[in-house]
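Trainee: Mind having a look at this structure? Questions to follow.
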Amino acid sequence: MSTDTLDPPKTTKKPANISQAKPTDRCPAISYQEVLDTDSRPVPEELRIVTIADLPDEPIDSERYTSAEFHKLEMQQMWSRVWQMACREEEIPNVGDYSLYEIGDSSLLITRTDANTIKAFHNSCLHRGRTLRDVDGHAKEFICPFHGFTWNLDGTFKQAPCEWDFPQCTESDFSLPEAHVALWGGFVFINLADEPQPFDDYAAVLKQHFKRWPLDHCWKAVHVQKTVAANWKATMEAFIESFHAMETHPQILPYSGDANSQYDVFDENVSRTITMMGIQSPHIPDVSAQEMMDALIETSGRMAEDSDQDTSVPSNKSARLHMADINRAEFGQLFNMDLSHASDTEVLDAILYNLFPNFVPWAGLNPNIVYRFRPNGNDPDSSIMDVMILMRYAESDPKPDPVPIHKLGIDDPWANAEELGALGGIFDQDMGNLPYVQKGLKASRKGMITLWNYQEVRIRHFHTSLNRYIQDKM
Ligand code: FES
Ligand SMILES: [Fe+2]
């Protein structure tokens with residue numbers, strides 16, 4: 003078993019455009035870029051980019067979250083044309099494996115049709131419409147359970163009973179219709195449009211930034227999926243800003259720089275939040291380095307908390323550097339990689355990207371969390387949230403099998419998923435808001451929500467991008 007070595011990154015010292023930001027644009031506490039100046043290792047250039055967004059700041063109609071009409075518009079105009087993460091490639095490793103992906107009324111069979119090809123078939127029999135499959139599985143061919151019409155694994159029509167009885171159809175008419183497929187980072191993406199924007203253009207920023215943190219050489223170590231009693235956008239928006247930490251997650255403030263977070267908008271499809279760990283919130287009185295370390299170990303849910311290394315912070319060292327050193331050693335051991343060149347920020351901070359509309363991968367060299375948010379069928383009042391945790395492994399090691407999906411119902415707490423560790427409790431704090439967000443949006447006399455300028459810029463960005471689809475300004 004050999005160990006992979008991470009090379010030092012290409013770096014830039016200072017963001018070129020940082021001087022363009024007005025002092026009032028940001029929390030006056032220490033910024034992420036100032037903390038990067040003190041990183042113990044060279045920092046990747048992607049993390050030195052600071053964007054300055056100029057987006058509309060009008061209030062947003064709360065009916066976007068509650069109305070069946072808006073949901074319908076979203077399905078017709080947006081979900082029908084965007085790239086959507088359907089599954090991980092390792093979930094369908096063998097020829098004939100298929101995974102069901104559903105969005106609104108659409109149902110797709112994501113199928114490995116040969117060693118190097120994955121197709122997305124519309125899961126609807128061309129005879130009288132029965133879904134061909136109702137759960138994930140493996141097939142040599144797709145035989146419809148109703149009358150037995152059969153398709154080959156590559157989607158071509160194979161046979162039907164009494165073929166003399168449908169002279170009006172030719173075999174070429176009867177191939178299973180397909181959605182477009184793109185593979186990136188070990189994920190399978192689908193697009194329902196006839197002629198979608200190429201994935202490479204759509205996700206160009208994401209592809210560029212994640213070169214340093216490839217997600218394809220990872221395996222899915224955790225996958226929990228929960229039905230949430232709130233619209234998918236309200237649910238997602240609770241996970242792409244750190245502004246709510248002060249009120250909703252006060253236990254993380256001793257080690258989490260909530261208001262110091264950096265928010266970036268890169269193009270129509272990609273945005274990110276970076277929230278520092280090992281930097282205390284400016285909202286609370288000063289804490290000592292050891293208090294910071296102890297709180298982090300107890301409640302963060304994503305540090306090397308089971309470390310047998312000494313977590314006493316030496317008097318000549320910052321808590322942030324000590325945490326980073328522990329994580330470099332622990333994650334390196336976990337991944338069988340030499341992470342000695344990994345910067346502090348890459349092994350510590352919460353670096354969350356969003357690929358419009360609903361794919362939220364965390365970057366960095368830690369067990370990478372991935373969120374996905376989508377409507378629950380056609381119900382505007384509930385959503386399905388997926389949480390995966392991806393682990394790296396050495397090139398020379400065999401890829402471990404992915405875990406099956408652990409499904410939680412609308413009333414099940416995340417804490418029931420013990421594999422999430424302390425994250426479950428943090429998510430349950432978010433769930434303590436979301437059903438009441440949905441209720442309050444319906445009760446609103448104002449009928450609008452108001453978004454803060456900087457810390458909620460990603461939500462404004464999301465709605466600006468959504469408008470392009472809804473208003474058909476593509
Ligand atoms: S509906 Fe599928 S074979 Fe009849
Ligand atoms: Fe939260």
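By my numbering, the letter at position 299 of the sequence shown is numbered 301, and the numbering carries on one by one without gaps. Glycine residues also receive a C-beta, built at the ideal position from the N, C-alpha and C atoms.
On the three-state DSSP scale, how would you describe Asn380?
Mentor: Coil at Asn380, not helix or strand.
Trainee: With hydrogens ignored, establish whether the beta-carbon of Asp432 is closer than 7 Å to any heavy atom of ligand 2.
Mentor: Yes; taking the cut-off as 7 Å, the Cβ of Asp432 has a heavy atom of ligand 2 nearer than that.
Trainee: Could you check where the beta strand (DSSP E) with Gly259 kicks off and where it finishes?
Mentor: Ser258 to Val267 is the extent of the beta strand (DSSP E) around Gly259.
Trainee: List the endpoints of the continuous beta strand (DSSP E) containing Phe123.
Mentor: First-last of the beta strand (DSSP E) with Phe123: Thr119 to His124.
Trainee: Is there at least one non-hydrogen atom of ligand 1 closer than 7 Å to the beta-carbon of Cys146?
Mentor: Yes, the Cβ of Cys146 comes within 7 Å of a heavy atom of ligand 1.
Trainee: If you check the beta carbons only, do Phe189 and Trp85 fall under 8 Å apart?
Mentor: Taking 8 Å as the Cβ cut-off, Phe189 and Trp85 do not qualify as a contacting pair.
Trainee: Just to confirm, is the Cβ distance from Leu350 to Leu217 under 8 Å?
Mentor: For Leu350 and Leu217, no; Cβs fall outside 8 Å.
Trainee: How about Asn418 and Cys220: do their beta carbons lie closer than 8 Å?
Mentor: Against a cut-off of 8 Å, the Cβ pair of Cys220 and Asn418 comes out as no contact.
Trainee: Report the rounded CA-to-CA distance for Ser109 versus Pro415, giving the unit in angstroms.
Mentor: Rounded to the nearest angstrom, the two C-alpha atoms are 27 Å apart.
Trainee: Would you kindly report the start and end of the unbroken beta strand (DSSP E) that includes Ala195?
Mentor: Neither: Ala195 is in no beta strand (DSSP E) and is coded neither H nor E.
Trainee: If you count every other CB in all the chains shown that lies within 10 Å of the CB of Met3, and 16 or more means buried, which is it?
Mentor: Note that Met3 scores 46 on pLDDT, short of 50, meaning its location in the model is unreliable and no value can be drawn from it.
Trainee: Skipping 5 residues on each side, what residues in its chain have a beta carbon closer than 6 Å to that of Pro179?
Mentor: Only His124 meet the Cβ criterion.
Trainee: Using 8 Å as the cut-off, can you tell me whether the region 171-187 makes contact with the region 196-215, which would need three or more C-beta pairs spanning the two stretches below that distance?
Mentor: As far as the Cβ criterion goes, the region 171-187 touches the region 196-215, which means the pair count is three or higher.
Trainee: For the alpha helix (DSSP H) that contains Phe144, what are its first and last residues?
Mentor: Careful: Phe144 lies outside any alpha helix (DSSP H), inside the beta strand (DSSP E) at Glu143 to Ile145.
Trainee: Three-state secondary structure (DSSP) at Tyr373?
Mentor: Correct three-state label for Tyr373: strand.
Trainee: Near His463, which residues of its chain fall below 7 Å by C-beta distance, leaving aside the five closest residues on each side in sequence?
Mentor: Around His463: Ala55, Leu57, Val267 and Ser273.
Trainee: Which residues mark the beginning and the end of the beta strand (DSSP E) in which Ala184 is found?
Mentor: Element bounds for Ala184: Glu180 to Trp186.
Trainee: Look at the alpha carbon of His140 and the alpha carbon of Pro400, and state the distance between them as a whole number of angstroms.
Mentor: Their backbone Cα atoms lie some 22 Å apart in a straight line.
Trainee: CB Ile242 to CB Thr275, shorter than 8 Å?
Mentor: It is a contact, given that the beta carbons lie within the stated cut-off.
Trainee: Could you tell me the alpha carbon to alpha carbon distance between Glu76 and Asp383, rounded to whole angstroms?
Mentor: Each residue's alpha carbon lies about 14 Å from the other.
Trainee: So, with DSSP's three-state summary, where would you put Thr152?
Mentor: In the structure shown, Thr152 sits in a strand (DSSP, three-state: E or B).
Trainee: Unbroken beta strand (DSSP E) runs of length 3 or more, entirely within the region 33-104: which are they?
Mentor: With a minimum length of 3 residues, the continuous beta strand (DSSP E) runs that stay inside the region 33-104 are 86-90.
Trainee: To which residues of the same chain is Leu208 closer than 7 Å at the C-beta, ignoring the five residues directly before and after it?
Mentor: The answer, listed in chain order, is Val272, Tyr355 and Leu357.
Trainee: Apart from the five residues on each side of it in sequence, which residues of its chain come closer than 8 Å, Cβ to Cβ, to Pro25?
Mentor: Low confidence applies here, because Pro25 scores a pLDDT of 49, under 50, leaving its location unreliable; read the following figure in that light. Once the five neighbours on either side are set aside, Pro25 has no close Cβ partner at all.
Trainee: What residue does the beta strand (DSSP E) around Thr113 start on, and which one ends it?
Mentor: Here the beta strand (DSSP E) through Thr113 covers Ser108 to Asp116.
Trainee: Does ligand 3 have a heavy atom nearer than 7 Å to the CB of His285?
Mentor: For the structure depicted, ligand 3 is absent and the ligand set comprises only ligand 1 and ligand 2.
Trainee: Who pairs with Trp364 in a beta bridge, going by DSSP?
Mentor: Answer by DSSP bridge pairing, in chain order: Leu354.
Trainee: Can we count Thr53 as close to ligand 2, meaning its CB is less than 7 Å from some heavy atom?
Mentor: No - ligand 2 has no heavy atom lying nearer than 7 Å to the Cβ of Thr53.
Trainee: Measure the alpha-carbon distance for Asp63 versus Phe72 and round it to whole angstroms.
Mentor: Distance between the alpha carbons of Asp63 and Phe72 is about 11 Å.
Trainee: Note down the Cα distance separating Glu348 from Leu8, rounded to an integer number of angstroms.
Mentor: If I take the Cα positions, the gap works out to 12 Å.
Trainee: Out of curiosity, what's the CA-to-CA distance linking Ser101 and Gly442?
Mentor: Answer to the nearest angstrom: the Cα atoms are 36 Å apart.
Trainee: Since I believe Tyr265 is in contact with Met279 (beta carbons under 8 Å), could you give me their beta-carbon distance rounded to a whole number of angstroms?
Mentor: Not really, about 17 Å apart at Cβ, beyond 8 Å.
Trainee: When DSSP labels each residue in this structure, what does Ser174 get in the three-state scheme?
Mentor: Correct three-state label for Ser174: helix.
Trainee: So, at 7 Å on beta carbons, what are the nonlocal neighbours of Met80 in its own chain, with the 5 sequence-adjacent residues on each side left out?
Mentor: Once the five neighbours on either side are set aside, the close Cβ partners of Met80 are Pro359, Leu468, Tyr471 and Ile472.
Trainee: Who does Gly139 pair with in a DSSP beta bridge?
Mentor: Looking at the DSSP assignment, Gly139 forms a beta bridge with Tyr100.
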